[in-house]
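Report on the following structure.
Residue numbers (this note's numbering): 107 to 760.
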């Protein structure tokens, strides 16, 4: 009766915990009580309850936890990428469309240079494109803040779970000497390990005293016996708004390399933070820098409608290139960085600074500058997007920006994060408010000789170099029908000859001289002349507006100059945005596919574990009937024995 009652209790417990997470089906282990010798042989004395065991497979449990960890990591990254994808809107809501509309707006200005309404449309379009870049940059910052918050929450959760594992280890070790396993405690511990696996990859090593040690990241101790280590969200050495996973002990916080964690939601968040988010931020910054830089540069080459007329003021402003010293750089006695100084405004700034020299060559990447101290005055520059390493000196130009290092110089081992484009989009603004400030006119105007016999006409003329001198009048005289010409530059007031020379015109090729560039239609004949003189009436000239329109089809984003001097052309602003959309889309799609695959694997692994350890209510119902009948049979046996005993007593008494 006792054995069947124990089996009934265990079965009832299984049924009650059928939906309890991590519960393993339990069963009563029985053994025969042994026989009693009599003259007629050995008579059985029933059955003994040996123990209660749980249906547990260590291999399946470990596999399920590992698969769950991988799925959690893929899902965390996929969820963040889905948020990031929303930053890159498509169609008319996208940045590429707004940039194209802004440059197209110069068409009306070119057709009617003095029209105030056409100029106002340009300013409205400029404000729109700047607003979209800025909003995208702010959204990326918000996503980063969310990732940081999620990482801190995850670290706190893992610390709590690890401490609970240590406490349960202590309880298990206290009762394991009884010879029976505390099944419920073991289930709870396995469940906690599974929950930790959602955040970090966990490896386990059992000890002889029943405790289970947990290790993460290739051997880092998380739980050892009844002692739990403390994880920490450690601020990035360059940006305190970014955190990494580390371990906290009496010596302080020690950061783990981000790649050390291969699975779990923390690993997914760290990968997104390290790879995907900077790529998106820098793609936006690269486009914003190229568009604003080229528009402002061409605007400066034109003439506005001010009184008096002058060079065009910038239309856009951008976030300045950033330099962030590592928190571990050498310190002075007052705690400030050795490699820093007080500038004219009274602010302390790093000794390293950046200046954009060519926005078309800026790359979508951050850089790390390190003083390796192997060569005095030389620094190691690493492009973080692809790991390209180069050696630079102060004043060198790399990827469209110049690196300057002034005294006090960085100490050996000092590091700096260089962000040429990282903050450009977030701080983009339209800074030109006066429609008259749009420099639609070219500083020079071309006139075709009245006695010309050829068909050559001026298709386009605009400034290309800030060094252009409108006070010099250029006269071109063609000496043949095949394009040979001579030219003179004379002071437009005194007529003094400044310089002269010869050239050859080819169809489709511009003529460049004195900081301007002129394109011809038709064919000149021998004796034909062209005169390029200062623009007297800017309101009637559209040369610079046409040059601004040309930026729509110019490859102004991501041009590269290779070591041999060859140039890899960049992309148009609309193509660059389309490629950015494609890049983010590919990341999102691959992450979703990985998440779906790993989730399917995790489901299969959990199904296999549940088949071994889970509770099947149909089976338990059948066992319940079996043990109930066995109990009733045993009770009937006692009833019969009692009746026989009573009969014997009555017979003896009589």
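Each residue gets a CB set at the ideal place from its N, CA and C atoms; glycine is no exception. Remember, predicted model here, so these are calculated numbers, not experimental data.
- Item | Residue closest to residue 302, alpha-carbon to alpha-carbon, out of 649, 326, 265, 316 | The shortest C-alpha separation from residue 302 is found at 265.
- Task: With distances taken Cα to Cα, identify the nearest neighbour of residue 711 among 561, 173, 369.
- Result: Comparing C-alpha distances from residue 711 to each of 561, 173, 369 shows the shortest one belongs to 173.
- Item | Inter-residue spacing [alpha-carbon to alpha-carbon] between residue 263 and residue 701 | About 23 angstroms.
- Query: Excluding sequence positions up to five away, which residues of its chain have a Cβ less than 6 angstroms from the Cβ of residue 648?
  - Reply: Closer than 6 angstroms at Cβ, skipping near neighbours: 216, 219, 546.
- Message: For the pair the segment 309–325 and the segment 142–162, tell me if three or more CB-CB distances fall below 8 angstroms.
- Response: Too few Cβ pairs lie closer than 8 angstroms, so no.
- Task: Please state whether DSSP places residue 722 in a helix, a strand or coil.
- Result: DSSP places residue 722 in coil when its eight states are reduced to three.
- From which residue to which residue does the beta strand (DSSP E) around residue 443 run? Residue 443 -> no beta strand (DSSP E), and no H or E assigned at all.
- Query: Can residue 560 and residue 630 be called in contact, C-beta distance under 7 angstroms?
  - Reply: Cβ atoms of residue 560 and residue 630: closer than 7 angstroms.
- Task: Give every residue of the same chain whose Cβ lies closer than 6 angstroms to the Cβ of residue 637, excluding the five residues on either side of it in the sequence, and list them in chain order.
- Result: The beta carbon of residue 637 sits closer than 6 angstroms to those of 553, 581, all from its chain and outside the five residues before and after it, given in chain order.
- Item | Residue span of the alpha helix (DSSP H) that contains residue 253, given as start and end | The continuous alpha helix (DSSP H) containing residue 253 extends over residues 222–281.
- Query: Excluding the five sequence neighbours on either side, which residues of its own chain have a C-beta within less than 8 angstroms of the C-beta of residue 67, listed in chain order?
  - Reply: The structure shown has nothing for residue 67, since the chain only spans 107 to 760.
- Message: In the DSSP output, what is residue 135 paired with across the bridge?
- Response: Beta-bridge pairing links residue 135 to 157.
- Classification of residue 612 by the beta-carbon crowding that lies within 10 angstroms, buried from 16 upward: Answer is exposed; the Cβ neighbour count stays below 16.
- Sequence-distant residues of the same chain with beta carbon closer than 7 angstroms to residue 179, five excluded per side: 369, 370, 371, 373, 374.
- Message: In whole angstroms, give me the CA-to-CA distance for residue 849 and residue 504.
- Response: This structure leaves residue 849 out entirely; the chain is present only between 107 and 760.
- Do residue 398 and residue 376 have their C-beta atoms closer together than 7 angstroms? The criterion of a C-beta distance shorter than 7 angstroms is not satisfied by residue 398 and residue 376.
- What is the rounded straight-line gap between the Cα of residue 761 and the Cα of residue 299? What the structure shows of the chain is the stretch from 107 to 760, and residue 761 is not part of that stretch, so it cannot be assessed.
- Query: Taking Cβ to Cβ, would you say residue 528 is nearer than 7 angstroms to residue 693?
  - Reply: For residue 528 and residue 693, no; Cβs fall outside 7 angstroms.
- Message: Once DSSP output is grouped into helix, strand and coil, what is the label at residue 551?
- Response: Residue 551 falls in the strand class under three-state DSSP.
- Proximity to residue 461 [Cα-Cα], best of 415, 511, 483, 595: Checked all of 415, 511, 483, 595; the closest Cα to residue 461 is 511.
- Message: Quick check: what's the CA-CA separation for residue 645 versus residue 411?
- Response: Computed Cα separation, rounded: 7 angstroms.
- Query: Considering residue 193, what are the terminal residues of the alpha helix (DSSP H) in which it resides?
  - Reply: Where residue 193 is concerned, the enclosing alpha helix (DSSP H) stretches over 164–193.
- Neighbourhood of residue 500 by C-beta, 6 angstroms cutoff - its chain only, sequence neighbours within 5 removed: Contacts found: 510, 511.
- Spell out the partners DSSP gives residue 606 in its beta bridges. Residue 606 is bridged to 594.
- Query: Tell me which same chain residues have a C-beta within less than 7 angstroms of the C-beta of residue 684, skipping the five on either side of it?
  - Reply: If we look at residue 684 and ignore the five residues flanking it on each side, its Cβ neighbours are 202.
- Item | Nearest candidate by alpha-carbon position, reference residue 445, set 381, 513, 290, 744 | When only C-alpha atoms are compared, the closest one is 513.
- Near residue 539, which residues of its chain fall below 8 angstroms by C-beta distance, leaving aside the five closest residues on each side in sequence? Result list for residue 539: 229, in chain order.
- Query: Taking three-plus beta-carbon pairs below 8 angstroms as touching, is the segment 665–675 in contact with the segment 465–473?
  - Reply: By the Cβ criterion, the segment 665–675 is in contact with the segment 465–473, since at least three pairs of Cβ atoms, one from each stretch, lie closer than 8 angstroms.
- As assigned by DSSP and simplified to three states, the class of residue 212: Three-state result, residue 212: helix.
- Message: I'd like to check one pair, residue 243 with residue 531: are the Cβ atoms closer than 7 angstroms?
- Response: Taking C-beta atoms as the reference points, residue 531 and residue 243 count as a pair closer than 7 angstroms.
- Ordered list of beta strand (DSSP E) runs contained in the segment 458–541, each at least 3 residues: Runs found: 458–462, 473–476, 484–489, 494–499, 507–511, 521–525.
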